[in-house]
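Each residue of the sequence shown is one higher than the last, beginning at 75 in my numbering. All residues carry an ideal CB built from backbone N, CA and C; glycine is no exception. Single-structure report; data block below.
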Amino acid sequence: MAVATAAVVIRTLHRIQRQLTDLRGRLEAGPRKIATQTTRLKLAEEARQKLSETLTAARKKADDKQLQLRTSEGKIGDLETKRNTAKTNKEYQLLGEQIDAARAAIGVLEGEILEALEAVDEIA
Numbered sequence: 075m076a077v078a079t080a081a082v083v084i085r086t087l088h089r090i091q092r093q094l095t096d097l098r099g100r101l102e103a104g105p106r107k108i109a110t111q112t113t114r115l116k117l118a119e120e121a122r123q124k125l126s127e128t129l130t131a132a133r134k135k136a137d138d139k140q141l142q143l144r145t146s147e148g149k150i151g152d153l154e155t156k157r158n159t160a161k162t163n164k165e166y167q168l169l170g171e172q173i174d175a176a177r178a179a180i181g182v183l184e185g186e187i188l189e190a191l192e193a194v195d196e197i198a
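Here is the structure:
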């Protein structure tokens, strides 16, 4: 009977030893997991920051182009007023050409604004 009791004690000790080894392994893995997750978090925060900066730059570009558009539209209004008060035919034609050129520039600018806003949407 002493042999049977000794065998039970040895099996119990062996089971406890395996559990202890497993727990030590898990305990040692904890700091490694924390370090890995901390690194992943840092990389994700850096990526978010870069994306935020890119989005801000894209929005600024779109806003600048919209400001240029409003400025050009105001310029056309001024030119039309001047054209309506032109005293000579040559002056009238010259102002008309300037208005046409400004409208063509506005067309290009509208396309650029659309592209800039699409870029903002892609980033966001």
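Under the three-state DSSP convention, the category residue i falls into
| i | result |
| --- | --- |
| residue 69 | Residue 69 lies beyond the stretch modelled for the chain, which goes from 75 to 198, so this question has no answer here. |
| residue 110 | helix |
| residue 95 | helix |
| residue 159 | coil |
| residue 118 | helix |
| residue 198 | coil |
Reference residue i; option with closest CA among the options
| i | options | result |
| --- | --- | --- |
| residue 149 | 93, 97 and 180 | 180 |
| residue 172 | 145, 153, 141 and 101 | 153 |
| residue 138 | 114, 188 and 157 | 188 |
| residue 176 | 161, 146 and 158 | 146 |
| residue 174 | 135, 102 and 151 | 151 |
| residue 185 | 164, 170 and 140 | 140 |
Cutoff 6 Å; reference residue i; Cβ partners in own chain excluding five residues on either side
| i | result |
| --- | --- |
| residue 132 | 193, 194 and 197 |
| residue 143 | 183 |
Residues near residue i in its chain [Cβ-Cβ closer than 7 Å; skip 5 each side]
| i | result |
| --- | --- |
| residue 166 | 157 and 160 |
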